[in-house]
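In our numbering, the protein residues as written are 11 to 80. A short write-up of the structure that comes next.
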């Protein structure tokens, strides 16, 4: 549509590149991964936000440890 093309033109042509780069770093720092697989190593140069395991996964791990020790 017209407004989408106008918005795209404004974003890509009139917003400074340093603001676009800062936004890209912020967006790409969140990289969720599956909790039941080992986390992939960080090969990039940007920061990665730490990921907490899900509450359900933590409860399953607690139950598994409790049954294995009992």
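Don't be surprised by glycine CBs; every beta carbon is placed ideally from N, CA and C. None of the values given here were measured: they were computed from a predicted structure.
Whole-Å CB distance - residue i paired with residue j, under 8 Å assumed
i	j	result
residue 64	residue 79	In fact, because the Cβ distance is near 23 Å, the residues do not count as touching under 8 Å.
residue 50	residue 43	6 Å
Same chain, Cβ closer than 7 Å to residue i, five either side skipped, listed in chain order
i	result
residue 52	58
residue 40	59
Continuous alpha helix (DSSP H) stretch holding residue i: start and end
i	result
residue 84	In the structure as shown, the chain starts at 11 and stops at 80, and residue 84 therefore has no counterpart that could be examined.
residue 73	65-79
residue 23	12-24
Alpha-carbon spacing of residue i relative to residue j, whole angstroms
i	j	result
residue 34	residue 67	30 Å
residue 13	residue 29	22 Å
residue 48	residue 77	23 Å
residue 27	residue 73	50 Å
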